[in-house]
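Presented below is the structure to which this report refers.
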Amino acid sequence: MGSIIVGSGDIDDNITHHIREKWMKWRLASRVLCDEKVQPKLKVKFYKVVIRQSLLCKVKCWLVKNSYDEKIHIEDVEMYVGTY
Numbered sequence: 037m038g039s040i041i042v043g044s045g046d047i048d049d050n051i052t053h054h055i056r057e058k059w060m061k062w063r064l065a066s067r068v069l070c071d072e073k074v075q076p077k078l079k080v081k082f083y084k085v086v087i088r089q090s091l092l093c094k095v096k097c098w099l100v101k102n103s104y105d106e107k108i109h110i111e112d113v114e115m116y117v118g119t120y
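Offset between the sequence shown (1-based) and this note's numbering: plus 36.
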């Protein structure tokens with residue numbers, strides 16, 4: 037899943053695409069993250085390795101606007117709250 041090129045140079049579609057990808061990985065990982073037998077500390081490590089990295093590895097050279105950072109942060113909070 038590569039980047040989406042837009043003539044205007046805006047990366048809104050890219051942000052949305054990667055957030056969707058992140059949610060897809062989240063659904064796959066939710067069995068581990070929603071398991072009551074798994075310690076919360078291990079859940080956080082799993083989240084950082086599997087889900088967070090799926091987004092960050094593709095955005096290394098983006099110029100990030102505050103709105104993009106806020107959008108990604110909101111998704112992180114929604115996913116984190118959903119584990120408990």
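From the three backbone atoms N, C-alpha and C, an ideal C-beta is built for every residue, glycine too.
Owing to the predicted nature of the structure, the values given are computational and were not obtained by experimental measurement.
Going by alpha carbons, who is nearest to Asn-50 out of Val-85, Trp-62 and Ile-108?
For Asn-50, the closest of Val-85, Trp-62 and Ile-108 by C-alpha to C-alpha distance is Ile-108.
Would you mind sorting Ile-110 into buried or exposed? The rule is 16 or more other CB atoms within 10 Å of its CB.
exposed
Classify Glu-57 as helix, strand or coil using the three-state DSSP reduction.
Residue state, collapsed to three classes: helix.
With burial defined as no fewer than 16 other Cβ atoms inside 10 Å of the residue's Cβ, what is the status of Lys-58: buried or exposed?
buried
Decide if Met-37 is buried, meaning its Cβ has at least 16 other Cβ atoms within 10 Å, or exposed.
Low local confidence applies: a pLDDT of 46 at Met-37 is under 50, so the model's placement there is unreliable, and no value is given.
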